[in-house]
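Sequence order for the protein chains is A and B. Going by numbering that gives the first Met the number 0, the first sequence opens with residue 0, and the numbers climb by one from there. Going by numbering that gives the first Met the number 0, the second sequence opens with residue 0, and the numbers climb by one from there. Where a beta carbon is used, it is the ideal one built from N, C-alpha and C, also for glycine. Keep in mind it's a predicted model, so treat the numbers as computed, not measured.
2 protein chains.
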Amino acid sequence: MDSGSANEAGAGHWRVAVVEDHLLQRRGLVSVLRAQRGVRVVHEGESLPDLVGWLAAGSAASAPDLLALDLHVDRGLSVDPDVVRGLVRDGIKVLVVSEMTSLPLVRQVLRAGATGVVSKRDSIADVVAATRTVLGGGRWMTRELGEFLAREGDRPALSDQEERALVLYASGSTIDQVATALGVKRETAKTYVDRVKSKYAAAGRPLRTKVDLARTALADGYLD
Amino acid sequence: MDSGSANEAGAGHWRVAVVEDHLLQRRGLVSVLRAQRGVRVVHEGESLPDLVGWLAAGSAASAPDLLALDLHVDRGLSVDPDVVRGLVRDGIKVLVVSEMTSLPLVRQVLRAGATGVVSKRDSIADVVAATRTVLGGGRWMTRELGEFLAREGDRPALSDQEERALVLYASGSTIDQVATALGVKRETAKTYVDRVKSKYAAAGRPLRTKVDLARTALADGYLD
DNA sequence: CGTGGTGTCCCCCGATCGTGGGACAAATGA
DNA sequence: TCATTTGTCCCACGATCGGGGGACACCACG
């Protein structure tokens with residue numbers, strides 16, 4: 000499909016960018032990647048905005064093939080799924096390197112187009128394998144996330160608004176609070192929640208009450 | 000207090016009973032205990048009722064000092080906390096040997112007077128140490144339970160009825176269903192739940208909604 | 001070109017919740 | 001002994017839930 004985007008492995012090298020806010024961990028990750036044949040680390044940064052700025056400054060040909068992205072949510076700094084979506088659209092593959100602290104965030108980034116997830120607790124061999132797999136166009140999932148992907152079957156696909164509504168509602172918000180937070184009318188928020196229920200019911204997991212939603216949202220990784 | 004109950008270590012031996020439904024695990028536990036100096040295994044059984052029957056048949060002097068009790072909840076066979084309470088009242092110390100499958104049950108048995116908990120995943124040395132400690136009148140807790148005991152501070156003490164009401168209500172039952180299950184009037188069940196809220200509020204953890212209760216009940220080990 | 005999913009909004013209505021009172025007897029504990 | 005806790009029951013009222021119905025526009029997939 001993306002036959003237009005040229006530099007997939009220019010001069011036999013994959014171009015990799017690393018975004019990770021912890022210096023030590025970043026150094027570690029970078030050194031592991033550098034040691035890999037055919038891999039060139041073209042950017043190291045603390046945050047996604049840094050990377051975006053760097054991309055804007057450089058030529059299109061300098062764009063990386065892969066972004067190894069940490070998902071630490073310390074200091075209020077979070078990763079914006081929309082930014083990830085943009086990068087993916089630009090042909091950059093995304094590998095999440097995470098502590099799995101926030102399952103919902105991992106989900107969002109995955110939905111934004113990331114094609115791999117490794118845990119920092121995984122072995123170096125696993126990290127390398129993940130990098131190779133994602134660069135090759137494949138998907139890579141840590142064992143820790145396997146259980147959730149395995150259950151993906153009986154978990155219905157929710158739309159963006161439905162998921163946001165579920166998260167808020169299942170956290171204890173009233174319908175009115177959900178509506179306000181989403182910037183829609185009460186009836187609309189109600190519809191979202193109703194549709195979540197319908198979808199789960201269609202998947203053979205009827206959720207009637209708010210408590211059911213809370214329990215399920217937790218079990219299915221929508222809440223922490 | 001129990002200065003009347005004589006045979007605490009008659010002839011230098013502690014009398015121990017083992018109740019565990021899995022034959023292999025029971026054999027293992029019994030052999031570990033037998034290998035201990037000064038310990039005599041006087042009863043092996045599959046269930047608590049078996050032990051009670053055996054106790055009723057024998058003389059008071061044959062009663063054990065310690066009961067090593069498994070908490071497996073397979074095949075619908077559960078452990079009745081009231082029976083445990085009775086044994087404790089008779090001067091028998093209780094050590095729970097569990098897989099920690101059901102935290103609520105562990106809690107109930109602890110409240111019924113058990114003074115020790117070991118996990119089957121603990122080392123043999125730990126099991127032995129736990130046995131000694133409990134026989135000596137002390138308390139023993141697996142590390143796995145330590146986190147919960149540590150948080151015991153900001154978790155208010157709930158009465159039996161309050162805990163039962165919380166468990167049911169937080170699982171999704173309506174007040175009416177809780178009332179029916181407990182065999183009391185709607186208003187009474189309402190009072191129980193209200194008191195749970197009051198206690199948590201007094202402990203600095205206000206719980207206003209049903210979802211709050213569900214979340215907290217899960218976090219505090221009242222639900223699985 | 002229709003079908004389905006999505007985003008948005010609207011109405012009704014009975015059930016349930018959350019909060020505020022009050023009462024009283026038994027048990028517990030300081 | 002007196003205060004607290006517990007178990008039990010009762011009432012009222014506004015907020016919220018849960019289920020049902022309908023509507024319409026957009027967009028994508030086939």
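Query: Residue-level contact to chain A via CB, B:Gly171, 9 Å cutoff; Result: yes
Query: Three-way DSSP call (helix, strand, coil) for A:Leu68 in this model; Result: strand
Query: Contact the region 178-194 of chain A vs the region 153-168 of chain A: 3+ CB pairs below 8 Å; Result: yes
Query: Stretch pair the region 135-142 of chain A + the region 113-122 of chain A: three plus CB contacts closer than 8 Å; Result: yes
Query: 8 Å contact criterion, which A:Asp69 and A:Val96 should meet: CB distance rounded; Result: 5 Å
Query: DSSP bridge partner residues for A:Arg39 (one or two, in chain order); Result: A:Arg14
Query: CA nearest to the CA of B:Glu161, picked from B:Val29, B:Val87 and B:Lys196; Result: B:Lys196
Query: Selection from B:Leu47, B:Ala124 and B:Leu102 that minimises the alpha carbon distance to B:Glu87; Result: Rather than Glu, the amino acid found at residue 87 of chain B in this sequence is Val. Ranking the options by Cα distance to B:Val87, first place goes to B:Leu47.
Query: 8 Å Cβ cut-off: residues of chain A touching B:Lys209; Result: Lys209 and Val210
Query: Alpha-carbon spacing of B:Trp13 relative to B:Thr215, whole angstroms; Result: 41 Å
Query: Simplified DSSP assignment, three categories, for A:Lys92; Result: strand
Query: CB-CB length for A:Pro155 against A:Ala201, believed under 8 Å; Result: 7 Å
Query: A:Asp223 burial status per 10 Å Cβ neighbour count (16 or more: buried); Result: exposed
Query: Contiguous alpha helix (DSSP H) assignments of at least 4 residues, all confined to the region 126-190 of chain B; Result: 142-149, 159-169 and 174-181
Query: Endpoints, the alpha helix (DSSP H) within which B:Gly52 is located; Result: Leu47 to Ala56
Query: Within 8 Å of chain A by C-beta, residues of the region 169-194 of chain B in sequence order; Result: Ala169, Ser170 and Gly171
Query: Start and end residues, beta strand (DSSP E) containing B:Gly115; Result: Gly115 to Ser118
Query: Cβ-based neighbour list, B:Trp53, same chain, cut-off 6 Å, excluding 5 preceding and 5 following; Result: His42
Query: DSSP state of B:Gly44 mapped onto helix, strand, coil; Result: strand
Query: Contact set between B:Ala213 and chain A, taken where Cβ atoms lie within less than 8 Å; Result: Val210, Ala213 and Arg214
Query: Where A:Arg61 falls: helix, strand or coil (DSSP); Result: A small correction: the amino acid at residue 61 of chain A is Ser; Arg does not occupy that position in the sequence shown. Reduced to three states, the DSSP call for A:Ser61 is helix.
Query: Pairwise C-alpha distance: A:Ala34 and A:Arg25; Result: 14 Å
Query: Buried/exposed call for B:Glu19, threshold 16 Cβ in 10 Å; Result: buried
Query: Cβ distance (whole Å) where B:Ile272 is taken to contact B:Val31 below 8 Å; Result: Nothing can be reported for residue 272 of chain B: it is not among the residues displayed for chain B, which extend from 0 to 223.
Query: Alpha-carbon to alpha-carbon, A:Ser172 and B:Asp153; Result: 24 Å
Query: Simplified DSSP assignment, three categories, for A:Ser197; Result: helix
Query: B:Ser229 - DSSP class collapsed to helix/strand/coil; Result: Since the first and last residues shown for chain B are 0 and 223, residue 229 of chain B lies out of range.
Query: Separation of A:Arg204 from B:Ala5, as counted between CA atoms; Result: Low confidence applies to B:Ala5: its pLDDT is 39, below 50, so where it sits in the model is not reliable, and the reading given next is rough at best. Going from the Cα of B:Ala5 to the Cα of A:Arg204 covers about 58 Å.
Query: Proximity of B:Val93 and B:Val108 at Cβ, strictly below 9 Å; Result: yes
Query: Cβ-based burial, B:Ser158 [other Cβ within 10 Å; buried from 16]; Result: exposed
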